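Each residue of the sequence shown is one higher than the one before, counting from 1 in full-length UniProt numbering.
Report on the structure given below.
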Amino acid sequence: MEALVCKKLGDPTLPLSDSSPIFVSNDHPIPNLTSPTSVRVQIKATSLNYANFLQILGKYQEKPPLPFIPGSDYSGVVEAVGTGVTKFKIGDFVCSFTALGSFAGKIVAEEKDLFCVPDGCDLVAAGALPIAYGTSHVGLVHRARLSAGQVLLVLGAAGGVGLSAVQIGKVCGAIVIAVARGTEKVNFLKSLGVDLVVDSSEGSIIESVKKFLRARKLKGVDVLYDPVGGKLAKESLKLLNWAANILVIGFASGEVPVIPANIALVKNWTIHGLFWGSYKIHQPKVLEDSVAELLSWLAKGLITINISHSYTLSEANLAFSAIKERKAIGKVMITFGDNRETRSRL
Ligand SMILES: NC(=O)c1ccc[n+]([C@@H]2O[C@H](COP(=O)([O-])OP(=O)(O)OC[C@H]3O[C@@H](n4cnc5c(N)ncnc54)[C@H](OP(=O)(O)O)[C@@H]3O)[C@@H](O)[C@H]2O)c1
1 MEALVCKKLG
11 DPTLPLSDSS
21 PIFVSNDHPI
31 PNLTSPTSVR
41 VQIKATSLNY
51 ANFLQILGKY
61 QEKPPLPFIP
71 GSDYSGVVEA
81 VGTGVTKFKI
91 GDFVCSFTAL
101 GSFAGKIVAE
111 EKDLFCVPDG
121 CDLVAAGALP
131 IAYGTSHVGL
141 VHRARLSAGQ
151 VLLVLGAAGG
161 VGLSAVQIGK
171 VCGAIVIAVA
181 RGTEKVNFLK
191 SLGVDLVVDS
201 SEGSIIESVK
211 KFLRARKLKG
221 VDVLYDPVGG
231 KLAKESLKLL
241 NWAANILVIG
251 FASGEVPVIP
261 ANIALVKNWT
271 IHGLFWGSYK
281 IHQPKVLEDS
291 VAELLSWLAK
301 GLITINISHS
311 YTLSEANLAF
321 SAIKERKAIG
331 KVMITFGDNR
341 ETRSRL
C-alpha cells in the first residue's frame, strides 16, 4: 500500500527528494488485524492538522521514534473485520483519529475507536472532522459552556480549529467575532454570517471589536478561543468580560502568551488549558459523545466543512506548504482513490 514515511525530522514542505524528511513508500506492508475486535479501513481521506506539521519538524510535544507514518484523523471504508467485531461490516463508512499512521492507504483500528459516518455526510468531510471540530466542541460546549447570546472571540478563525469554533459558536447561538488575516479569509468568514470579522493584518484588533461591542450594547467577550497565542492573544485579553472563559488551544504564532494571574483574579476569569487528545485517556466518553454529536450536526447541515486544499499523498509537501504559508481556509486534505474532486457543501 501507499504510505507517507517520515525518516528524519525536518521541513516537510521541501520537494520530495533525498533531502526531504518524508517520502512516499508505494509497497509499504498492509497492516494485519491486531485482535478479534479490530477493523481494517481503506482510507479515503486524511486531514492535515498543524500538529502533523510540527511533529515532522520535531517541534510537537509528542515525539514518536523514527521512522513513523504521520497522520491523525481520517475517514474511509471498512475492508476487513475481526471475528469479534459487532458494530461494523465490510463496506461501512467510518471515521476516526489516531496518534500516528493515517497518511497511508490503509489503517487498523479497534472497533470501539471508530465512528459510523451517518447517511448524508460527505465521506471526505468526515475525515476532517474529529480533531478540529472535536477540539472546538469539547472546548466551547464541554469546558466553557458557551451559551446563546454570549460573545465568542475566535483567533485564527479561518484556520482548521478556528473555523470549526466559529461554526460551533453559531450553532450555540453565540455572537461570534472572528479574527483572521487578509481579504480572502475575511470575505469567506463574512459569507458565513459571522457577526464581526476583523482583519488582523490591519493592526490592532481592539478598536474595531470595542466599537462593535459598544454598538451592540455588549460588555465584553465572554469566551476567548485562542489557537494562535502571541501578540493577538495578549491584545484580546483587553476585551474580556468579567467571568470570561479563556480556551488555550494552541500557539500557531510560535509564542506562548502570558495571562497575568492578578488580572484573572480581579476579573474572575477561568483559564482552560485544553489538550483534546488527552480526553481519549482520561475521559473517553466525553470525546466519543462529542464526535458522535458533531457527525449528527454534519448530517443535518448544522456544520459544514470547508476544504480549501486537497492533494494526493505524493503531493504531501504541497499540503504542508498550504499549512505553513497560512493559505488554508478550513481544512487541507490528502485524499486517496477518486475522491479528489469531492467537496463538502459550504
Ligand atoms: N489543544 C488541542 O487539543 C489542539 C487541537 C488541534 C489543534 N491545536 C493547535 O491549534 C493551532 C492551530 O491548528 P490548526 O490545525 O487549526 O492550524 P491551521 O489550520 O494552520 O490554522 C492556524 C491559524 O493560525 C493563524 N496564525 C497566526 N499566526 C500564525 C503563524 N505565525 N503561523 C501560522 N499560523 C498563524 C493563521 O491565521 P491567519 O493567517 O488568519 O492569522 C492560521 O489560520 C496549532 O497550534 C495546533 O497545534 C490544538
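In this text, a Cβ means the ideal position worked out from N, Cα and C, and glycines have one as well.
Keep in mind it's a predicted model, so treat the numbers as computed, not measured.
For residue 233, the residue or residues it bridges with in DSSP: In the sequence shown, the residue the question calls residue 233 occupies position 233. The partner list for residue 233 (beta bridge, DSSP) is empty, contrary to what the question assumes.
Quick one: Cα of residue 110 to Cα of residue 39, how far? Along the sequence shown, one-based indexing puts residue 110 at 110. Along the sequence shown, one-based indexing puts residue 39 at 39. Approximately 6 angstroms, taken between the alpha carbons.
Using CA coordinates, which residue listed in 44, 49, 138 and 8 is at the minimum distance from residue 290? Indexing the sequence shown from 1 puts residue 290 at position 290. Per the Cα distances, 138.
Measuring only the C-alpha atoms, how far is residue 180 from residue 326? Position 180 of the sequence shown holds residue 180. Position 326 of the sequence shown holds residue 326. Rounded to the nearest angstrom, the two C-alpha atoms are 10 angstroms apart.
Out of 335, 334 and 321, state which residue places its alpha-carbon closest to the alpha-carbon of residue 53. The sequence position of residue 53 within the sequence shown is 53, counting from 1. Residue nearest to residue 53 within the set 335, 334 and 321 is 321 (criterion: CA-CA distance).
Excluding the 5 residues preceding and the 5 following residue 155 in the sequence, name in chain order all residues of the same chain whose CB lies nearer than 6 angstroms to its CB. The sequence position of residue 155 within the sequence shown is 155, counting from 1. 179, 226, 228 and 232, listed in sequence order.
Can you look up residue 79 in the DSSP assignment and give me helix, strand or coil? Translated into the one-based positions of the sequence shown, residue 79 becomes position 79. DSSP places residue 79 in strand when its eight states are reduced to three.
Quick check: residue 47 and residue 331, are their CB atoms within less than 8 angstroms of each other? Working through the sequence shown from its first residue, we reach residue 47 at position 47. Working through the sequence shown from its first residue, we reach residue 331 at position 331. A contact, by the Cβ cut-off of 8 angstroms.
Which residues bound the beta strand (DSSP E) around residue 87? Counting from 1 along the sequence shown, the entry for residue 87 is found at position 87. Per DSSP, residue 87 lies in no beta strand (DSSP E) and is assigned neither H nor E.
Test item: CB-CB of residue 68 and residue 316 under 8 angstroms: For this step, residue 68 is matched to residue 68 along the sequence shown. For this step, residue 316 is matched to residue 316 along the sequence shown. Residue 68 is not a Cβ neighbour of residue 316, given a cutoff of 8 angstroms.
Let me check you understand the geometry: is the CB of residue 276 closer than 7 angstroms to at least one non-hydrogen atom of ligand 1? Residue 276 sits at position 276 when you count from the first residue of the sequence shown. Yes; taking the cut-off as 7 angstroms, the Cβ of residue 276 has a heavy atom of ligand 1 nearer than that.
Using beta-carbon positions only, say whether residue 294 and residue 50 come within less than 8 angstroms of one another. Taking the first residue of the sequence shown as 1, we reach residue 294 at position 294. Taking the first residue of the sequence shown as 1, we reach residue 50 at position 50. Contact: no.
Figure out for me which residue from 63, 12, 71 and 84 has the closest Cα to the Cα of residue 35. Against the sequence shown, residue 35 aligns to sequence position 35. Taking only the C-alpha atoms, the option nearest residue 35 is 84.
Neighbourhood of residue 158 by C-beta distance below 7 angstroms, restricted to the same chain and skipping five residues each side: One-based indexing of the sequence shown puts residue 158 at position 158. The residues are 180, 185, 188, 189 and 329.
Closest residue to residue 241 among 267, 172 and 217 (Cα-Cα distance): Against the sequence shown, residue 241 aligns to sequence position 241. When only C-alpha atoms are compared, the closest one is 267.
Is the distance from the Cβ of residue 209 to the Cβ of residue 246 below 8 angstroms? On the sequence shown, position 209 is the one that residue 209 refers to. On the sequence shown, position 246 is the one that residue 246 refers to. No, Cβ-Cβ distance for residue 209 and residue 246 is not below 8 angstroms.
Looking at C-alpha atoms only, which residue of 275, 235, 5 and 297 is the closest neighbour of residue 259? For the purposes of this step, residue 259 is taken as the residue at position 259 of the sequence shown. Of the candidates 275, 235, 5 and 297, the one whose C-alpha sits nearest the C-alpha of residue 259 is 235.
Tell me whether residue 257, by its Cβ, gets closer than 7 angstroms to a heavy atom of ligand 1. To locate residue 257, count along the sequence shown from 1; it is residue 257. No; taking the cut-off as 7 angstroms, the Cβ of residue 257 has no heavy atom of ligand 1 nearer than that.
What's the gap between the Cα of residue 211 and the Cα of residue 150? Within the sequence shown, numbered from 1, the residue matching residue 211 stands at position 211. Within the sequence shown, numbered from 1, the residue matching residue 150 stands at position 150. A direct Cα-Cα distance of roughly 17 angstroms separates residue 211 from residue 150.
Starting from residue 47, follow its DSSP beta bridges and name the residues at the other end. As a position in the sequence shown, residue 47 is number 47, starting the count at 1. DSSP lists 333 as partners of residue 47.
Proximity of residue 58 and residue 14 at Cβ, strictly below 8 angstroms: On the sequence shown, residue 58 is found 58 positions in, with the first residue counted as 1. On the sequence shown, residue 14 is found 14 positions in, with the first residue counted as 1. No; because the gap between Cβ atoms is not below 8 angstroms, this pair is not in contact.
Using only the alpha-carbon positions, how far apart do residue 270 and residue 314 sit? Within the sequence shown, residue 270 is the residue found at index 270, counting from 1. Within the sequence shown, residue 314 is the residue found at index 314, counting from 1. Cα-Cα distance, rounded: 44 angstroms.
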